[in-house]
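Taking full-length UniProt numbering, the leading residue of the sequence shown gets 1, the next gets one more, and so forth.
Note that CB positions come from ideal geometry on N, CA and C, so glycine has one too.
Structure record follows, encoded as structure tokens.
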Amino acid sequence: MPAIRIGINPISWSNDDLPSLGGETPLSTALSEGKEIGYEGFELNGKFPKDAKGVGDVLRPYDLALVSGWYSSRLARRSAAEEIDAIASHVELLAQNGATVLVYGEVADSIQGQRIPLIERPRFHTDEAWQDYAEKLTELARFTLSRGVRLAYHHHMGAYVESPSDIDKLMALTGSEVGLLFDSGHCYMGGGEPLQVLRKHIERICHVHFKDVRKPVVQLARNNLWSFPDCIVNGTFTVPGDGDIDFAALLDVLLAADYHGWLVVEAEQDPAVAPSYAYAKKGYDTLRALLQERTAS
1 MPAIRIGINP
11 ISWSNDDLPS
21 LGGETPLSTA
31 LSEGKEIGYE
41 GFELNGKFPK
51 DAKGVGDVLR
61 PYDLALVSGW
71 YSSRLARRSA
81 AEEIDAIASH
91 VELLAQNGAT
101 VLVYGEVADS
111 IQGQRIPLIE
121 RPRFHTDEAW
131 QDYAEKLTEL
141 ARFTLSRGVR
151 LAYHHHMGAY
161 VESPSDIDKL
171 MALTGSEVGL
181 LFDSGHCYMG
191 GGEPLQVLRK
201 HIERICHVHF
211 KDVRKPVVQL
221 ARNNLWSFPD
231 CIVNGTFTVP
241 GDGDIDFAAL
251 LDVLLAADYH
261 GWLVVEAEQD
271 PAVAPSYAYA
281 KKGYDTLRAL
291 LQERTAS
């Protein structure tokens with residue numbers, strides 16, 4: 001098994017948050033096209049079955065691995081015990097299908113799916129609030145790890161942890177049980193320089209989403225106070241090789257750190273504007289070529 005594998009999120013075909021974007025596309029189309037392109041695995045979306053056996057049954061005919069799956073947490077508003085009860089079945093689904101990381105999204109108070117300017121996102125305003133959240137998160141991550149699945153915290157637009165300083169604070173206050181999902185697109189859109197953030201937190205990164213951005217559109221988003229859905233429909237994000245992020249440099253850092261895990265192509269776009277197959281193939285071909293240049297013996 002290679003140390004680094006290339007997977008994809010079904011969002012290239014259909015968007016759970018904005019069902020009008022590819023909502024009519026069946027999961028089978030995404031799986032068959034993804035396999036044909038060369039992807040080794042998929043993350044979950046809302047069209048997958050909700051039970052472990054069902055997920056395995058869907059993936060098996062395509063010989064695809066389960067990479068991971070997003071979990072919508074409300075830990076900012078709940079106790080660690082309540083969140084452990086809520087997350088347990090999802091952790092079991094992942095573990096039974098061979099996934100070793102969980103994509104953790106904090107959706108309490110999040111505005112990521114709403115037409116609200118991103119500047120109005122929630123924030124922890126005191127050190128005590130940060131500390132309380134970090135302690136609960138570490139306890140939750142300890143639980144998932146005990147089941148063989150590492151929590152990979154997704155810094156995300158419109159949520160409590162969005163900016164580079166948010167990431168710094170979270171990593172400083174949480175235990176090593178809490179892994180970090182590095183998302184290049186969210187990092188840039190959140191005000192970070194992806195290469196700097198990756199280098200700074202490389203020891204905690206256990207999962208990677210490679211999302212590209214169109215920098216001129218990012219500037220429009222900031223100038224016009226767009227919401228996250230506005231960013232999506234107006235083309236802020238795209239697949240690696242179609243935007244402005246230097247993925248060769250990012251990959252060099254991962255390889256130097258002996259990263260073992262998945263590179264997941266993910267780009268929130270309208271498939272009517274960015275055809276799913278063509279863009280999924282562009283993302284795969286870009287990363288495969290970069291990997292081959294660096295690992296060919």
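- Closest by C-alpha distance to residue 157, out of 218, 6 and 131, is 218.
- Within the stretch 167–203, the complete alpha helix (DSSP H) runs of at least 4 residues fall at 184–189 and 194–200.
- Here residue 54 carries a helix assignment [DSSP, helix/strand/coil].
- Taking each of 214, 240 and 246 in turn and checking the Cα distance to residue 234, the smallest one comes out for 214.
- A residue is called buried once 16 or more other Cβ atoms fall within 10 Å of its Cβ, and residue 119, having fewer, is exposed.
- The Cβ neighbour count for residue 223, taken over all protein chains shown within 10 Å, is under 16; the residue is labelled exposed.
- Sorting 7, 56, 75 and 68 by C-alpha distance to the C-alpha of residue 39 places 7 at the top.
- Using a Cβ distance threshold of 9 Å, residue 290 and residue 247 count as a contacting pair.
- Per the Cβ contact rule, the stretch 159–171 is in contact with the stretch 184–195 (3 or more Cβ pairs under 8 Å).
- The three-state secondary structure of residue 8, taken from DSSP, is strand.
- Across the set 79, 136, 41 and 141, the C-alpha of 41 shows the shortest separation from the C-alpha of residue 98.
- Ranked by Cα distance from residue 171, the options 155, 184 and 126 are led by 155.
- An exposed status is given to residue 258, since fewer than 16 other beta-carbon atoms sit within 10 Å of its beta-carbon.
- Per the coordinates, the alpha-carbon of residue 205 lies some 13 Å from the alpha-carbon of residue 196.
- Looking only at 269, 226, 140 and 277, the smallest Cα-Cα distance to residue 114 is reached by 226.
- Exposed is the label assigned to residue 50, since fewer than 16 other Cβ atoms lie within 10 Å of its Cβ.
- Closest in C-alpha terms to residue 280, from the list 292, 221 and 212, comes 212.
- Here residue 242 is buried: its Cβ has 16 or more other Cβ atoms, across all protein chains shown, within 10 Å.
- Residue 265 is a Cβ neighbour of residue 12, given a cutoff of 9 Å.
- For residue 107 and residue 256, the gap between their C-alpha atoms comes out near 33 Å.
- A residue is called buried when at least 16 other Cβ atoms come within 10 angstroms of its Cβ; residue 131 does not meet this threshold and is exposed.
- If you compare the alpha carbons of 60, 23 and 36 with that of residue 45, the shortest gap goes to 23.
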